[in-house]
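Undergrad: The letter at position 216 of the sequence shown is residue 216 when you use this note's numbering, and the numbering goes up by one with no holes.
Just passing along the structure, written as structure tokens.
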Amino acid sequence: MSNDTFNLNPPPGFRGLDPDRPIRKYIRHLPHWRQDGASYAVTFRLADSLPSSKLNMLASMRREWEAKFPHPRSDEAWQEYARAVTNRVNEWLDQGCGDCHFKKPELATELARSILHFQNQRYHVASYVVMPNHCHLIMRPFDGHELEELIGSIKGVTARFVNRKLGRKDDLWQQESFDRILRDEEHLYNAIQYIGHNPRAAGIAETDWYRWVDPEWEELKWGFRDG
1 MSNDTFNLNP
11 PPGFRGLDPD
21 RPIRKYIRHL
31 PHWRQDGASY
41 AVTFRLADSL
51 PSSKLNMLAS
61 MRREWEAKFP
71 HPRSDEAWQE
81 YARAVTNRVN
91 EWLDQGCGDC
101 HFKKPELATE
111 LARSILHFQN
121 QRYHVASYVV
131 MPNHCHLIMR
141 PFDGHELEEL
151 IGSIKGVTAR
161 FVNRKLGRKD
171 DLWQQESFDR
181 ILRDEEHLYN
191 AIQYIGHNPR
201 AAGIAETDWY
211 RWVDPEWEEL
221 KWGFRDG
């Protein structure tokens with residue numbers, strides 16, 4: 001979708017990446033940018049959602065990228081790498097590897113409940129989808145709350161619930177999540193449409209979809225477009 005045709009007004013509370021505001025950056029396996037008041041597209045996945053063959057491919061991608069971009073690495077190089085990894089992983093996740101615990105309605109419902117537990121208190125979630133082995137959401141943390149803290153809390157609550165229900169003790173979630181600051185309204189719109197389309201793209205029956213968009217935003221034409 002080009003800027004020439006995108007004409008929706010910003011939804012309540014949304015502000016895109018502001019180049020004039022401070023940005024905090026840190027790097028683990030992937031780069032993470034933080035800006036107060038920003039909204040993020042976030043993906044977190046189950047620990048067993050990628051088989052060893054895919055993890056080996058990611059390791060190979062990393063080695064090739066490091067050889068191509070030796071230190072010091074620019075923000076642009078890190079961002080391009082993060083986009084490549086995220087796109088590849090999202091494609092693999094939709095193949096449904098691992099135990100896919102969130103195929104179980106009770107577990108998927110609990111994750112959905114946990115996502116909205118502190119809605120409009122600690123954060124605003126604009127949209128989410130619970131997939132069998134991962135979750136996508138759009139979140140804006142409120143002042144005094146960091147994205148890592150909020151996602152970590154959601155993951156912690158659901159891990160305890162799932163492990164208790166299934167009688168398991170292993171780590172449920174992959175520790176590091178994928179996240180990206182949404183640049184502008186068009187980026188936000190496309191992220192919402194990706195979330196809405198993800199179950200269909202993965203071949204999941206509509207009766208088994210667990211997706212949501214803020215009803216207030218939906219009234220303002222920021223909902224899913226299924227046509």
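The beta carbon of each residue, even a glycine, is placed where N, CA and C say it ideally should be.
Do three or more CB pairs link the region 169–183 to the region 15–31 at distances below 8 Å?
TA: With the cut-off at 8 Å, the region 169–183 and the region 15–31 touch.
Undergrad: Taking the continuous alpha helix (DSSP H) assigned at phenylalanine 161, which residues delimit it?
TA: Unbroken alpha helix (DSSP H) run through phenylalanine 161: 147–166.
Undergrad: Between aspartate 4 and the rest of its own chain, which residues show a CB-CB distance below 8 Å, the 5 nearest in sequence each way excluded?
TA: Bear in mind that the predicted position of aspartate 4 carries a pLDDT of just 48, short of 50, making it too unreliable to give a figure here.
Undergrad: May I have a chain-ordered list of the alpha helix (DSSP H) segments no shorter than 4 residues that lie completely inside the region 48–96?
TA: Within the region 48–96, the complete alpha helix (DSSP H) runs of at least 4 residues are 52–68, 75–93.
Undergrad: Threshold first: 3 residues or longer. Then list the beta strand (DSSP E) segments lying entirely within the region 16–44, N to C.
TA: You should have 24–27, 31–34.
Undergrad: Let me check understanding here. Comparing Cα to Cα, which of Tyr26, Gln121, Thr43 lies closest to asparagine 234?
TA: Past the edges of the chain, shown from 1 to 227, lies residue 234, and the structure says nothing about it.
Undergrad: With tyrosine 128 and arginine 211 assumed to form a contact (beta carbons below 8 Å), what rounded beta-carbon distance in angstroms separates them?
TA: Rounded, the Cβ-Cβ distance is 7 Å, consistent with contact.
Undergrad: With H, G and I counted as helix, E and B as strand and the rest as coil, what does DSSP make of histidine 124?
TA: Reduced to three states, the DSSP call for histidine 124 is strand.
Undergrad: The alpha helix (DSSP H) spanning histidine 197 covers which residue range?
TA: Unbroken alpha helix (DSSP H) run through histidine 197: 185–201.
Undergrad: Of the choices Ala47, Thr109, Leu93, whose alpha-carbon is the least far from that of phenylalanine 161?
TA: Minimum Cα distance to phenylalanine 161 is reached at Thr109.
Undergrad: Roughly how many angstroms lie between the CA atoms of methionine 61 and glutamate 219, to the nearest whole one?
TA: In a straight line, the C-alpha of methionine 61 is about 42 Å away from that of glutamate 219.
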